[in-house]
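Chains A and B, in that order, give the protein sequences.
Take the first sequence: its letter number 332 is residue 332 in our numbering, and every next letter is one higher.
Start counting at 1 in the second sequence, then tack on 1000, and there's your number in our numbering.
Glycine residues also receive a C-beta, built at the ideal position from the N, C-alpha and C atoms.
Number of protein chains: 2
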Amino acid sequence: MHPNFDSGHSFINSEDAGSFQVDWTHRLLTTRDALAPSNTLLADLLPDDDGPVRMIAILDQGLVTAHPELPTQVQLWAEANPRSVRLVGDAVIVPGGEQAKNDFGVFNTTAQAINERGICRKSFVLAAGGGAVLDAVGYAAASTHRGVRMLRMPTTTLAQADAGIGVKNGINAYGKKNFLGTFSPPWAVVNDTNLLTSLSDRDWRSGLSESVKVALLKDPDFFEELQRLATRTRQRDLDAMEMIVRRTACLHMDHIVHGGDPFELTIARPLDFGHWSAHKLEQMTNFEVAHGEAVAIGLAIDLTYAAMMGRLDESILRSARRCLIDLGFSLDHPALEHHDLLLEGLREFREHLGGRLTITLIEDLGRPVDVHEIDLGTMRRAIDDVRTAAMNESSRAG
Amino acid sequence: MHPNFDSGHSFINSEDAGSFQVDWTHRLLTTRDALAPSNTLLADLLPDDDGPVRMIAILDQGLVTAHPELPTQVQLWAEANPRSVRLVGDAVIVPGGEQAKNDFGVFNTTAQAINERGICRKSFVLAAGGGAVLDAVGYAAASTHRGVRMLRMPTTTLAQADAGIGVKNGINAYGKKNFLGTFSPPWAVVNDTNLLTSLSDRDWRSGLSESVKVALLKDPDFFEELQRLATRTRQRDLDAMEMIVRRTACLHMDHIVHGGDPFELTIARPLDFGHWSAHKLEQMTNFEVAHGEAVAIGLAIDLTYAAMMGRLDESILRSARRCLIDLGFSLDHPALEHHDLLLEGLREFREHLGGRLTITLIEDLGRPVDVHEIDLGTMRRAIDDVRTAAMNESSRAG
């Protein structure tokens, strides 16, 4: 490392390079009643080498409305585990839903609490809520002191199955989803299945499109199981839901841990199947269409496109569409009429990914394939076909 | 990865865990006239697998004032390398100095340019300037699209030797240095020695306290060389400066690459020797005292403390103090009178690091030692002693 020195020339270009690795552990736990004083799971997760850890709790307003006992529960849980944790101040309650990440509001609230309550790089932020709250709080936790430790408790189906599992956080800016954010593995993700029971039918269902997505991409057995359990799940069977969520979450975690590029430094992202139009559809409808709902439609569009291009068997398209409908998804939306605007999503998707356009389709169950060009005429026909099929479906149902 | 499912009990705690690594390469290049059309160093650094990379240039106002030709030079350099790079729009010029990171101004300017000019995760931000500009631009580049690629061109002695070399970025918030930021390795760091010639004496000198610091901690030979070259360097010998900067930068890079914890996830930071009081002194003087100047004083304080505690030989303290003075540093400042306020820096330092207080001292040249408790009475005496010695020195010089 001690360079020799030459002088007298103009371009003495010397390079000193080295490579290094950073190791992370990804922990995903499934439990029920995580904050019951007698449930030791959360406390057991915390490091015990240096006394109780300081912690602040940040809770999604929507979650607290459904579970008004939660702020007190957090307090009692901490009091039951004084050797593991010292809760600093009352729980902070922040607005939930996509609004949480549409500006710096939740980010600032989190950063300010971290500052005022002396949360350091060895302390914890416990964040419980939907994916948007976890994303905004997570970006703030990842940025303050260049990263304080975070326990994530996703509380919607979508967040438990997908959004809360990953190593990404972020907020929207300049009208673009997740324009600002980082890759920052949380200390652990804790899925409390009981919290799903209070969800509206819409939020209960929404994350299951990600289950269909990941099953189609990676796990034909799971796709079969999903088809089998779809109706039971729509009817709010908690055991069926827990099984689906856990398997979906495991597949997502598996992709991060074993996919070879957890921080997406080089390659495309096969788990973004169906997402280019989903992101755009959310934005076009001012987030009236929830992410999971948009993904259901986005999957239908890309599956239909793949079938129209002769790359995918019609029967798989039909089963996937059927499964989404059995789970309770609607595959039509008036905004689909605006092809041009929707297709803008392809350009934005490329830009967000970086490099050339990469869209993941499937050729068969469990057989993803990346394409780098999209035939826009066929894509327009695919969008119309999804609409038509959905309308026929609903007139048949009605 | 396919979990079995059990139901019927309350706390079915199941854990799915996995660990993963992320690999980075750290490239540090030293050159002169990096942007000369005939210097191929920068272009050779860029990936060539996917056509020319899109790039925006963000330049420190102070740098452009000293080198008004720079925006045109960037343009001409890009035009001379059309197969490697496509510059998108004019160079963005942002205010420099600590002000660059005292609010979201430079961060927002950078994020907005990245948005408007279609910079993606495979595109580049070329940032040239002092450490503060690199920190603020770097935080924005690390956050937009969860990280676009960055070429760092530090242009002050401090930034080339230390601040611009590392994997950290950040802005100040809530009155605290680097309260917001990330660990994000740049694509490469390019030190252009010629840019140092236009620095004021103060900026020319400022970074050299970090050279003294790292030499004391890690490299007795380098400390000897520093003592030998100190006066020549103060007299603005560019070859001596290049040698010192390059060796300092290499030692800092070596610490990141081989130190075992580049993202500071677990251990203390031995390179923060002398920094607890330096950070506080900067803040107390509203950043009138530059970082490097504060570090010179901070080193003198901690070395004096170590000697008073009987941990360090007096002769090393005297050589280090002599070396700092020969390089041109003043080791006194009126703010040192405010012991209580200055000692607040210990608490803030602990909080920023996380966990218990860890202060790095040295026991001998190249022999750092971490201490976890500070005798405040002795520290107060050390601060006073630094002041007295500096006053005696200056009355002798005068």
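- Using a 10 angstroms sphere on the CB of A/Glu69, the tally of other CB atoms stays under 16, which defines it as exposed.
- Residue-level contact by beta carbon fails for B/Ala1136 and chain A, as no gap is shorter than 7 Å.
- At a C-beta separation below 8 Å, A/Val257 has these neighbours in chain B: Gly1018, Ser1019, Phe1020.
- Closest in C-alpha terms to B/Glu1373, from the list B/Arg1381, B/Ile1362, B/Thr1358, comes B/Thr1358.
- Within the same chain, Met55, Ala78 come within 6 Å of A/Leu87 by CB-CB distance, once the 5 residues on both sides are set aside.
- In this structure, the alpha-carbon of B/Ala1240 lies about 20 Å from that of B/Lys1218.
- The Cβ atoms of B/Thr1155 and B/Leu1063 lie closer than 7 Å to each other.
- The Cβ atoms of B/Val1214 and B/Leu1158 lie no closer than 7 Å to each other.
- Here the region 134-147 of chain A lies against the region 102-114 of chain A, with 3 or more beta-carbon pairs under 8 Å apart.
- Between B/Leu1059 and B/Ala1128, the CB-CB gap stays under 7 Å.
- Along the region 157-177 of chain A, the positions whose C-beta sits under 8 Å from a C-beta of chain B are Lys168, Gly170, Ala173, Tyr174, Lys176, read in chain order.
- Interface criterion not met: the Cβ of B/Pro1052 is under 7 Å from no Cβ in chain A.
- For B/Arg1321, the enclosing alpha helix (DSSP H) covers residues 1314-1326.
- Among the CB atoms of chain B, one or more fall inside 7 Å of the CB of A/Glu351.
- At least one CB atom of chain B sits nearer than 7 Å to the CB of A/Trp24.
- Distance from A/Ala278 to A/Ile297 at the Cβ level is roughly 7 Å; contact confirmed, criterion being Cβ atoms closer than 8 Å.
- Taking A/Ala306 as the centre and dropping the five residues before and after it, the same chain places the C-beta of Leu312, Leu361 closer than 6 Å to its C-beta, in chain order.
- Following the DSSP letters along the chain, one finds A/Met150 in no alpha helix (DSSP H) but inside the beta strand (DSSP E) bounded by residues 149-154.
- Per the DSSP secondary-structure output, A/Asp60 pairs in a beta bridge with A/Val94.
- From the beta-carbon of A/Ser14, the residues of chain B found nearer than 8 Å are Leu1029, Thr1030, Thr1031, Arg1246.
- Note that the C-beta distance between A/Val295 and A/Ser184 is not below 7 Å.
- According to DSSP, B/Gly1175 shares a beta bridge with no other residue.
- Neighbours of B/Phe1263 across chain A, judged by C-beta separation under 9 Å: Val22, Arg146, Gly147.
- With at least 16 other beta carbons inside 10 angstroms of its own, B/Glu1282 counts as buried.
- Along the region 100-112 of chain A, the positions whose C-beta sits under 8 Å from a C-beta of chain B are Ala111, Gln112, read in chain order.
- Here the region 1222-1232 of chain B makes contact with the region 1314-1333 of chain B; the two share three or more CB pairs at distances below 8 Å.
- A/Arg205 and A/Phe329 have their C-alpha atoms roughly 8 Å apart.
- Within 10 angstroms of the beta-carbon of A/Ala17 lie fewer than 16 other beta-carbons, which makes it exposed.
- In this structure B/Leu1331 does not touch B/Val1289 by the C-beta definition: roughly 12 Å separates them, more than the 8 Å allowed.
- For B/Leu1327 against B/Arg1234, the beta-carbon gap comes to about 6 Å, under 8 Å, which counts as contact.
- Between B/Val1074 and B/Ala1057, the C-beta spacing is below 7 Å.
- It is roughly 33 Å from the alpha-carbon of A/Pro52 to the alpha-carbon of A/His258.
- Secondary structure at B/Ala1036: coil, using DSSP grouped into helix, strand and coil.
- Per DSSP, reduced to three states, the secondary structure at B/Gly1129 is strand.
- Given a length threshold of 4 residues, each whole run of the alpha helix (DSSP H) inside the region 1069-1126 of chain B is given here in chain order: 1070-1079, 1105-1116.
- For the C-beta of A/Leu180, the chain B residues within less than 9 Å are, from N- to C-terminus, Ala1111, Ala1140, Ser1143, Thr1144, His1145, Arg1146.
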